[in-house]
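Under this note's numbering, the first residue of the sequence shown is numbered 1, with each subsequent residue one higher.
Scroll down for the structure; my scribbles are underneath it.
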Amino acid sequence: MANSTMSVMGFDPASDYPLGSRRPDLARTPSGLALDELTLDAARAGRFGPEELRATPETLRRQSAVALAAGRTQLADNLARAAELADVPAETILEIYTALRPHRSTAEQLEAWAARLETELGAPLTAVFVREAATAYGARGLLETGERAAV
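Structural data, given as structure tokens:
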């Protein structure tokens, strides 16, 4: 998962973890605030809002690299998908989540979500995940078939 951007910045996933204490210079808020600027006093004074407490795609990609370096491939994959989705609106995330619930979507509907993730939302890893879910749901009888009453 480590890419050229990470190596240019001198990021070493094996030795720079945890980022907050070993490399706080690499952990920033969505607007660019440094970790040491996120204090209770600053929050009370209104210098930042709750949107600043979200992880950025860059931080999530670095965390993914750390997990991969530690041999935790499933966690690395989850963090890489989270990085793709970090800037996707919450309403869209909720729609995708709902579509992935058992018996909520047809194979075609899940494929449409996968295509949108790939083309519109810049989330190809998440698109692969949705396609894998559609295949697994099909094998287990968890796809919407139109035969069930609405829940």
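Every residue, glycine too, gets a C-beta built ideally from N, C-alpha and C.
Quantities reported herein were computed from a predicted structural model and do not represent experimental measurements.
Does the beta-carbon distance from residue i to residue j come in below 7 Å?
{"i": "L33", "j": "E52", "result": "yes"}
{"i": "W113", "j": "A99", "result": "yes"}
{"i": "T106", "j": "E144", "result": "yes"}
{"i": "A82", "j": "L60", "result": "yes"}
{"i": "V88", "j": "L110", "result": "no"}
{"i": "E84", "j": "T126", "result": "yes"}
Under the DSSP definition of a beta bridge, which residues are partnered with residue i?
{"i": "R28", "result": "A34"}
Measure the beta-carbon distance from residue i to residue j and round it to whole angstroms, keeping in mind my assumption that it falls under 8 Å.
{"i": "P124", "j": "A65", "result": "Not really, about 18 Å apart at Cβ, beyond 8 Å."}
{"i": "F222", "j": "R72", "result": "Because the chain spans 1 through 151 in this model, residue 222 falls outside it and cannot be assessed."}
{"i": "A46", "j": "L35", "result": "Note on residue identity: the sequence assigns Gly, not Ala, to residue 46. Not confirmed; about 19 Å, so no contact."}
{"i": "L68", "j": "H103", "result": "Not really, about 34 Å apart at Cβ, beyond 8 Å."}
CA-CA distance, residue i and residue j?
{"i": "G133", "j": "A42", "result": "The identity of residue 133 in the sequence shown is Ala, whereas the question assumes Gly. In a straight line, the C-alpha of A133 is about 43 Å away from that of A42."}
{"i": "E118", "j": "A55", "result": "22 Å"}
{"i": "A2", "j": "G146", "result": "The pLDDT assigned to A2 is 41, lower than 50, so where the model puts this residue is not dependable; a value taken from the coordinates is nonetheless given after this. Going by the C-alpha atoms only, they are around 44 Å apart."}
{"i": "A86", "j": "L75", "result": "16 Å"}
{"i": "F129", "j": "E37", "result": "36 Å"}
Would you mind reading off the limits of the alpha helix (DSSP H) that contains residue i?
{"i": "V88", "result": "Counting along the chain, V88 falls outside any alpha helix (DSSP H), and DSSP gives it neither H nor E."}
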